[in-house]
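Asks: Under numbering that gives the first Met the number 0, the first residue of the sequence shown is numbered 0, with each subsequent residue one higher.
This is the structure I want to talk about, given as structure tokens.
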Amino acid sequence: MNPEEHRLLTATEVADLFRVDPRTVTRWALSGRLESIRTPGGHRRFSEKYVRALLDGNADVHQVSARVAS
Numbered sequence: 000m001n002p003e004e005h006r007l008l009t010a011t012e013v014a015d016l017f018r019v020d021p022r023t024v025t026r027w028a029l030s031g032r033l034e035s036i037r038t039p040g041g042h043r044r045f046s047e048k049y050v051r052a053l054l055d056g057n058a059d060v061h062q063v064s065a066r067v068a069s
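Written out as structure tokens, the structure reads:
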């Protein structure tokens, strides 16, 4: 399995890729436009594989949010 498939990005890293403010990425996650997971500490993380697929136009926008178990 490729390590990049499980790499998680911060909102700032995603914002840099989309060229938007990190708060915009957080709003997208809150509205369900961008799939995210939550760390045990409550921080949002985004699958690099999913984000890159969105950038390439190869992924659908999901209304999914999950929390990572500690």
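Note that the Cβ used here is the ideal one computed from N, Cα and C, for glycine as well.
Owing to the predicted nature of the structure, the values given are computational and were not obtained by experimental measurement.
Helix, strand or coil for L16 per DSSP?
Replies: Position 17 of the sequence shown, counted from the first residue, corresponds to residue 16. Helix.
Asks: Buried or exposed for H5, please, with buried defined as at least 16 other CB atoms from any protein chain shown within 10 angstroms of its CB.
Replies: Counted from its first residue, the sequence shown places residue 5 at position 6. It is exposed - the Cβ of H5 has fewer than 16 other Cβ atoms within 10 Å.
Asks: For T38, which option in G31, R32 and S46 has the closest C-alpha, if you only look at C-alpha atoms?
Replies: To locate residue 38, count along the sequence shown from 1; it is residue 39. Minimum Cα distance to T38 is reached at S46.
Asks: Can you give me the start and stop residues for the alpha helix (DSSP H) that R22 sits inside?
Replies: Residue mapping note: residue 22 aligns to position 23 of the sequence shown, counting from 1. First-last of the alpha helix (DSSP H) with R22: P21 to S30.
Asks: Three-state secondary structure (DSSP) at V67?
Replies: In the sequence shown, counting from the first residue as 1, residue 67 sits at position 68. In this prediction, V67 scores a pLDDT of 47, lower than 50, which makes its location untrustworthy; the coordinate-derived value is nonetheless stated afterwards. Coil, per DSSP.
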